[in-house]
Amino acid sequence: MESASEESPGLVPTDLDTTEGADVTNDSSELTADIGEDQEGSSENVEGEEELSPDAEALKEELAKIVVHSPAIEKIEEKFDPAEFPDSYKNNLPKELLILQYSDNFRRQYVHLYRDRKPLFLNPVNECGVEKFVCTTINPTQLPYKELYDWDTAAEFVADYLDFETLDPPYELPTRLLSPTTVLKRQKGNCFEYSTLLCSFLLSAGYDAYVVNGYATKETCLADETREICPLLTKKEQKVEEAKKKELKKYTVKPPRDLQSKFEMKMEQRKIAAKEAEEAKRRQEEIERQLELEKPPPDPLYGLRIHTWILVLSGKREVAESFFIEPFTGLPYPVDSTNYLGIESVWNNTNYWVNMQDCSNGVQGLSYDLGDCTRWEYMFPGLDKPLLQIPEAEEDLMAGLDEEEDEDKEIEKHLDMPPTWVEPLKLSLKDFQMRCPLGKKSKLYKRAKLEKFAHYLMPDGLISRLSVYDDRELTDLMLIKEYYAHRQDKLHTKIHNHRTGWISEHFYPGRHRCLKEHQYKASAPAPENERTMIFYNEARVDGLKKRIETPLEMTEHFVNRDDFMFYKHVDFGKRQKKFGPQEGSGSGNTRPINKMIQKFHRNKSKQANEDIAELIFLISEDKIQISYHTEDARIVSSTREYIKPSNWEEKGATLKWESDQLHQTFQVDADIKSKKQVDIYQMMLHLLKCEDVCRERVRESEDEVREILNGRSKEDTESELEIGVYDTERNEKAKTHRKELERLQLEEKMRKQEMEIDYLAPFLAQIGDPEKVLRNQAFKLKEDCLNDLKQRLIDKANLIQARFEKETQELQKKQAWYQQNQVNMPKENEEDYLNYCSDAMFRIHILEVRLNRWVKVENLYY
Amino acid sequence: MSRLYDTVEPSVIDEDMLQRAVEEQGPKEEAGKLAKAEGIDFNDVTNLRLDFKNILKIDNLWEFTNLVKLQLDNNIIERIEGMELLVNLVWLDLSFNNIEVIEGLGTLTKLQDLTVYNNRISRIENMDNLKDLQVLSIGNNQLTELENLVYLRKFKKLKTLNATGNPFCENVETYKQYVVAYLSHLEFLDYRLIDEQSKVAAKEKYAMPIDEIIHNEEAEERKQQENEIKQKELQIHTKAYVEYLDGSSLFDSMYAEDSDGQRLNEMPGVDELLAGFKEKFLGVCQKIFEYGLSENEKRQAEVNQFWECVEEAKTENKEAGMKIIGAFFEERKRVLAELGTITDNQVIDDKIEAYQSQINELWDKLMSLELQLVDQLEDVIKDFERNMQEMVSTFLENVKGHLTQCRDLENMHHERMMEISIVTLEKVIKNELDDEITEELRMLFVDKDTIIGAVSSSHDLHLLKIDNKEDDIETRIKNWLSAMMEKIRNEEEIKRNRVRVVEINHQIDHFKEEIDNLDFLQGP
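If you read the sequences in order, they're chains A and B.
Here numbering that gives the first Met the number 0 is used: position 209 in the first sequence is 208, and no number is missing along the way.
Here numbering that gives the first Met the number 0 is used: position 490 in the second sequence is 489, and no number is missing along the way.
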């Protein structure tokens, strides 16, 4: 398709698919010509009919004015610089040439035998314009990423990593097939390149995988998933556990006689059933209508669109059943999927098979026994492919006749596959982790949009965002699900329901306060509003599982507490506006508590009559109500009610006891001895203490909510990501540490080198590196060396001296300047000057010290 | 342990002293006032301190049955006594007394902490029942034998031991190592944590004797377990009314009192016959045994199922009742709240009337629910009784069938015995007997009547035994059935019903009273 690079000129109807779909031809120029003729014809037709109404004339004129231009498609075939590629990409080995000839021969025979079949995809050119056989383009390469070891994750990776290109035109085989290496580099490819790459990965992972060339629906070819439900949204089918039917035991008591009229009940049921049926029918119709609405428009190229995908046969890697993988989406399909309409050929790195089965019914009912040569015409005989099972006896018979001869022949005859010309695939860790081109990818599904991001790409750790809409045009947003990874605050999912306005955030375990889930209204994130918090109760000391809040209520649920409490409910009153000084700092601006309810499980170690089931502190009424658990054989429970003494709030005051007024009780068992007044009194004291504790707990809970919310908002703004200890690229600390180590190593090396320097070498070089040094030469060497050293020392001393003098001079100058301008000098300058002076003095001092030492050293040598 | 103030007169625990102590140690302030006004019952007291009272004899403590902690330290007590009824005692302090022997602690099975520090005890003993003992302080006593400490091995929960200051502590190292080695579950010795190192070292030193002790203990334990298992099995067998039928006990019992039979068995040729008879007889017994066990299981299953269903029905009923009452409580709350706000007397009266009728309605509902349950249970119990009776009678029939087989066997055996004895008699008469027979046996072969009488009486005895067994089984199983049915009738039908009716009426009365009182208060 060289012509694809040309600009297609002239008039082309805007929608090519709908008008001319049936007789489009290879060449776009021809196509335009055809259309031109068509138009002429039609205009003649119109001219022929004289009796046109003036209206129609006017319409015709109007129409004539409209000139439709084809959109200028500037499609330039991507050119590759051959210099970038190794030899195997640019040339063919003799064996490859042989294979090419062989396959050409195969094709000729094939065309001859099956004139009405489409050409085969055998020898496309590669990026360097060299013809290559498709089987050799597959290069099974294992990469060090475990995701590529399993088919599902590998397919997902390929689907994510590449951007897809459609075939142009969609009913023609491409002429060029890029090597997988180039595809990985470009991160782009058509279905052939996708499949070749994915097949390389799958073969290397040990799957029995093949590239399949055939035909598919428009949606599949264009990777159009807008009619598919997003895989993230399909809920796993929950096992509906049937309510265990009550076993009818031998001695199950008979239910009380039912005094309702059976007939009436039946009529009622019939009515309900009729209603239900109607409802069901209506629903069914609705669904059908919906389906009708969502059906793709008929595709004129149906059955002609060329597509390539992957076939994985059962047998290897514990694959129980053969299936297809769609490379564009990475999703598996059953072998009788309606997405695929026919198969021309399949191949992998060992052989090439042409489908001889009838595909008029799509791919349904095709056999994938590649050894069956009536169904699959192979290209290379006798390769290690499953041959059709020949009955043993026959084989024996044959073997008896001419075994050796046969074998010899076969060895001679067989043309084995040349090694692949493709370089081993390479993928850097960074690229692998980026997954998508530029690390982002978005997909459209039916009423949903999915955006994917590479890990660590987004500063807040977002890895995917799923937006669900109510309509197909994606305008009516229903909810957004955001998935995060590596967040330090352990947030992993955030669901914002735009319908209800609720946001729910899900966290991994390991947070302070053990928060698991947090639901709140987006409009009111502040404390004391409606919210639900779910905790990892196993990790909490107080066993808190759930806390539900509304502005005036707070309910907490507990699990597995030692005190058997499982429920706590608080009713708050309206905040009172207080005038004057406030009571204390603690109760400064908290909501007043009206009522606290605590509920307890049965504590088996106590008697039911003594075991409190519900404890209500009616704070606004100064009452405490208790109800006890019911005994096993009873249906009513004992209760007790205290009215707090009037002076209960005074600290340290003794509480007066008037039993009749302060205490009321109802005991189920009338016979039981009533409690002693002391016990009742002491119980009241205990309850008052309990009330204090309970109130404190409530305040603590409120504080906790506030703390969590503060923490959350802080986390949201900071949103730091956690970096694994082993992630050497991202872990800054580890990186600097490693760099430091490397630097130290380098220094060590340098030092070693320095140590090895022979200071006599330059002098020896002066006398021409003699093998042996004579006596006088040696003396001379010594002299030279010492002189040199002396010279160097002197130079150094001079240097120090010079610097010393320069510093001193400068200082003096500065001092002089200061003396002059001291009077009208701003304070800052003065400070600067003083600083400078002290610096300079320090430098001078250092230089002095050095000079002195130098003098000493010199004296030492001489 | 002579005391400096021996001159002080010894005292006895009496009512006064106890009263004073209880009041002193009881509640304070307002509660104390209340308590005094009401009086404190001794059996409500859980803690009692009687120290430095110069008590010589423990006495008068029997009323303190709920006592958990008792301090009797720093007295001059000489004997541990009078504490048999303090079964709830967990904490007992008898330190600084003049006790010489550990005794009288047999009933204090809940005791965890025992302190007999600074006494004159010379031997650790008589503490077998203190299974829960965790802390033992027995320092400053007259213990001389280290070996005596091995006694403490049986207290598996003992964690803390204080034994310093005894004669055997002279060599501190040996004492410590010995204790650590022999009492391996000990964690604290003389109030110090025993570290891992010293444990290992001590264990090494006394490895041999300890191993032996452990071995013995294990053997003992195994034996005990086996015994227990056997006991349990026997219990099951007894419950199935086929105890000992898996062995030869019935067969043996047939011959146990049958001296003639035993003698007759010595006749030549009886050996084989007897062996065959025994084998067959035991086979039938085994059948009865197995059948009995399987029937017992069936009966158990039936009983369990019955109870399960009864419980189910009761819970269902209970839930229904609770639901009704719960709904009423809501209603009551609403009505009471409403009454609080209304001032118009006429309206109040109307409301109260309505409420009262609601109470009556509640009564109706609860009672009808109860009646329904009574009906249901009655039906079920009848069914159950019928089925059980059927089961029992089938069981008895089958057992009888088997026992009839036994009788047949016995009859056959008897005939053969007869033959043999007659043959033998002839031989004896003709003096043709090959073997010598015992004198006793020879005595039977006096004449034909005697021998036939002997054989027959033996046979009758055997049949009697079998009949006895049959009767035994029959009476026992019938007794069991009637007792069970009686109990079910009493407990489930009558007693339960009464309690529930009382309960309902009580609650209804309470509601009525409440509203009446309210009425009264609200009245003009």
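Beta carbons: idealized from backbone N, C-alpha and C, even for Gly.
task = Could you check the C-alpha separation between residue 378 of chain B and residue 319 of chain B for me, to the nearest Å?
result = Locating residue 378 of chain B in the second sequence gives position 379, where the first residue counts as 1. Locating residue 319 of chain B in the second sequence gives position 320, where the first residue counts as 1. Going by the C-alpha atoms only, they are around 20 Å apart.
Local conformation of residue 381 of chain B per DSSP, three classes = Residue 381 of chain B sits at position 382 when you count from the first residue of the second sequence. Residue 381 of chain B: helix per DSSP, three-state reduction.
key: Separation of residue 605 of chain A from residue 696 of chain A, as counted between CA atoms   = One-based indexing of the first sequence puts residue 696 of chain A at position 697. One-based indexing of the first sequence puts residue 605 of chain A at position 606. Spanning the alpha carbons of residue 696 of chain A and residue 605 of chain A requires a straight line of approximately 25 Å.
C-alpha distance - residue 389 of chain A paired with residue 322 of chain A, whole-angstrom precision = The residue labelled residue 389 of chain A in the question sits at position 390 within the first sequence. The residue labelled residue 322 of chain A in the question sits at position 323 within the first sequence. Note that residue 389 of chain A has pLDDT 45, beneath the 50 cutoff, so the model's placement of it is unreliable and the number below is only indicative. Our two residues, residue 389 of chain A and residue 322 of chain A, have alpha carbons roughly 26 Å apart in a direct line.
task = Enumerate in chain order the residues of its own chain whose CB-to-CB distance from residue 737 of chain A is below 8 Å, with the five nearest sequence positions on each side excluded.
result = On the first sequence, residue 737 of chain A is found 738 positions in, with the first residue counted as 1. Excluding sequence neighbours, residue 737 of chain A sits near 727.
inquiry  = Residues in the same chain with beta-carbon distance under 6 Å from residue 303 of chain A, minus the five sequence neighbours each way, listed in chain order, please.
reply    = Taking the first residue of the first sequence as 1, we reach residue 303 of chain A at position 304. Within the same chain, 170 come within 6 Å of residue 303 of chain A by CB-CB distance, once the 5 residues on both sides are set aside.
request  = Please check if any C-beta of chain B sits within less than 7 Å of the C-beta of residue 251 of chain A.
outcome  = Along the first sequence, one-based indexing puts residue 251 of chain A at 252. For residue 251 of chain A, the answer is yes, since a Cβ of chain B falls inside 7 Å of its Cβ.
key: Alpha-carbon spacing of residue 366 of chain B relative to residue 556 of chain A, whole angstroms   = The residue labelled residue 366 of chain B in the question sits at position 367 within the second sequence. The residue labelled residue 556 of chain A in the question sits at position 557 within the first sequence. Between residue 366 of chain B and residue 556 of chain A, the C-alpha separation is close to 36 Å.
ask   = Any C-beta of chain B sitting closer than 7 Å to the C-beta of residue 665 of chain A?
value = Stepping through the first sequence from its first residue, residue 665 of chain A is reached at position 666. For residue 665 of chain A, the closest Cβ of chain B is nearer than 7 Å.
inquiry  = Please state the DSSP three-state secondary structure of residue 873 of chain A.
reply    = No answer is possible for residue 873 of chain A: the residues shown for chain A start at 0 and end at 861.
ask   = Just how far apart, CA to CA, sit residue 53 of chain B and residue 98 of chain B?
value = By one-based count along the second sequence, residue 53 of chain B stands at place 54. By one-based count along the second sequence, residue 98 of chain B stands at place 99. Taking the straight line joining both Cα atoms gives about 14 Å.
key: Bridge partner(s) assigned by DSSP for residue 476 of chain A   = Numbered from 1 along the first sequence, position 477 holds the residue referred to as residue 476 of chain A. Residue 476 of chain A pairs with A/468.
query = Under 7 Å between C-beta atoms, does residue 634 of chain A make it to chain B?
reply = Position 635 of the first sequence, counted from the first residue, corresponds to residue 634 of chain A. Yes, residue 634 of chain A lies at the interface with chain B (some Cβ there is under 7 Å from its Cβ).
query = Is residue 259 of chain B helix, strand or coil when you go by DSSP?
reply = Residue 259 of chain B sits at position 260 when you count from the first residue of the second sequence. In the structure shown, residue 259 of chain B sits in a helix (DSSP, three-state: H, G or I).
ask   = What residues match up with residue 534 of chain A in a beta bridge as DSSP calls it?
value = To locate residue 534 of chain A, count along the first sequence from 1; it is residue 535. In the DSSP secondary-structure assignment, residue 534 of chain A is bridged to A/514.
key: CA nearest to the CA of residue 189 of chain B, picked from B/139, B/213, B/230 and B/234   = As a first step, residue 189 of chain B is located in the second sequence; it is residue number 190 there, counting from the start. When only C-alpha atoms are compared, the closest one is B/139.
key: Which listed residue (A/161, A/149, A/64 and A/178) has its alpha carbon closest to that of residue 208 of chain A   = Position 209 of the first sequence, counted from the start, is the residue given in the question as residue 208 of chain A. When each option's Cα is compared against that of residue 208 of chain A, the closest is A/149.
inquiry  = Checking 7 Å against the spacing of the C-beta atoms, do residue 87 of chain B and residue 105 of chain B come in under that value?
reply    = Looking up residue 87 of chain B in the second sequence gives position 88. Looking up residue 105 of chain B in the second sequence gives position 106. Result no, Cβ atoms of residue 87 of chain B and residue 105 of chain B do not sit closer than 7 Å.
message = Can you tell me whether residue 301 of chain A is helix, strand or coil according to DSSP?
response = For this step, residue 301 of chain A is matched to residue 302 along the first sequence. In this structure, residue 301 of chain A counts as coil in the three-state DSSP scheme.
query = For residue 126 of chain A, which residues from the same chain have a beta carbon less than 6 Å from its beta carbon, with the 5 sequence-adjacent residues on both sides left out?
reply = Residue mapping note: residue 126 of chain A aligns to position 127 of the first sequence, counting from 1. Here the set comprises 79, 177 and 181.
request  = Mind checking which residues open and close the beta strand (DSSP E) that includes residue 595 of chain A?
outcome  = By 1-based counting over the first sequence, the position of residue 595 of chain A is 596. Residue 595 of chain A -> beta strand (DSSP E) spans 592 to 599.
query = Comparing the C-beta of residue 675 of chain A with each C-beta of chain B, is any distance below 7 Å?
reply = In the first sequence, residue 675 of chain A corresponds to position 676, counting from 1. Among the residues facing chain B, residue 675 of chain A is included, as its CB has a counterpart in that chain under 7 Å away.
query = Are the Cβ atoms of residue 9 of chain B and residue 75 of chain B separated by less than 7 Å?
reply = Residue numbering aside, residue 9 of chain B sits at position 10 when the second sequence is read from its first letter. Residue numbering aside, residue 75 of chain B sits at position 76 when the second sequence is read from its first letter. With respect to the 7 Å criterion, residue 9 of chain B and residue 75 of chain B are classified as neighbours on the basis of their beta carbons.
message = Could you compute how far the alpha carbon of residue 330 of chain B sits from the alpha carbon of residue 39 of chain B?
response = Start at 1 with the first residue of the second sequence, and residue 330 of chain B comes out as number 331. Start at 1 with the first residue of the second sequence, and residue 39 of chain B comes out as number 40. Going from the Cα of residue 330 of chain B to the Cα of residue 39 of chain B covers about 41 Å.
inquiry  = Is residue 641 of chain A close to chain B? Criterion is C-beta to C-beta, closer than 7 Å.
reply    = Here residue 641 of chain A is taken as the residue at index 642 of the first sequence, counted from 1. Residue 641 of chain A has a beta carbon lying at 7 Å or more from every beta carbon in chain B.
inquiry  = Could you check whether the Cβ of residue 656 of chain A sits closer than 7 Å to any Cβ belonging to chain B?
reply    = As a position in the first sequence, residue 656 of chain A is number 657, starting the count at 1. It does: the Cβ of residue 656 of chain A has a partner Cβ on chain B nearer than 7 Å.
query = Buried or exposed: residue 786 of chain A, going by 16 or more other Cβ atoms within 10 Å of its Cβ?
reply = Within the first sequence, residue 786 of chain A is the residue found at index 787, counting from 1. Exposed is the label assigned to residue 786 of chain A, since fewer than 16 other Cβ atoms lie within 10 Å of its Cβ.
Helix, strand or coil at residue 475 of chain B [DSSP, three-state] = As a position in the second sequence, residue 475 of chain B is number 476, starting the count at 1. In the three-state reduction of the DSSP assignment, residue 475 of chain B falls in the helix class.
request  = Please report how far the alpha carbon of residue 808 of chain A lies from the alpha carbon of residue 821 of chain A, in whole angstroms.
outcome  = Here residue 808 of chain A corresponds to residue number 809 of the first sequence, with the count starting at 1. Here residue 821 of chain A corresponds to residue number 822 of the first sequence, with the count starting at 1. Straight-line measurement puts the Cα of residue 821 of chain A at about 19 Å from the Cα of residue 808 of chain A.
CB-CB length for residue 596 of chain A against residue 615 of chain A, believed under 8 Å = As a working note, residue 596 of chain A is residue 597 in the first sequence. As a working note, residue 615 of chain A is residue 616 in the first sequence. Between residue 596 of chain A and residue 615 of chain A a beta carbon distance of about 5 Å is seen, short of the 8 Å cut, so the two are scored as contacting.
Minimum C-alpha distance to residue 282 of chain B - residue among B/179, B/66 and B/244 = For this step, residue 282 of chain B is matched to residue 283 along the second sequence. Nearest C-alpha to residue 282 of chain B: B/244.
inquiry  = So residue 553 of chain B contacts chain A; which residues on that side make the cut at Cβ distance below 9 Å?
reply    = Residue coverage of chain B in this structure runs from 0 to 523, which leaves residue 553 of chain B outside it and unanswerable.
inquiry  = So that I know if they touch, is there some Cβ in chain E lying closer than 7 Å to that of residue 680 of chain A?
reply    = Protein chains A and B are contained in the structure displayed, whereas chain E is not.
message = Taking the straight line between their C-alpha atoms, what separation do you get for residue 158 of chain A and residue 335 of chain A?
response = Start at 1 with the first residue of the first sequence, and residue 158 of chain A comes out as number 159. Start at 1 with the first residue of the first sequence, and residue 335 of chain A comes out as number 336. Note on geometry: alpha-carbon atoms of residue 158 of chain A and residue 335 of chain A lie some 22 Å from one another.
query = Does the Cβ of residue 339 of chain B lie closer than 6 Å to at least one heavy atom of the ligand MN?
reply = Questions concerning the ligand MN fall outside what the structure shown contains, since it holds no ligand whatsoever.
task = For the segment 313 to 335 of chain B, enumerate the residues whose C-beta is nearer than 7 Å to any C-beta of chain A, in chain order.
result = The segment 313 to 335 of chain B vs chain A, Cβ under 7 Å: 317, 320, 321 and 324.
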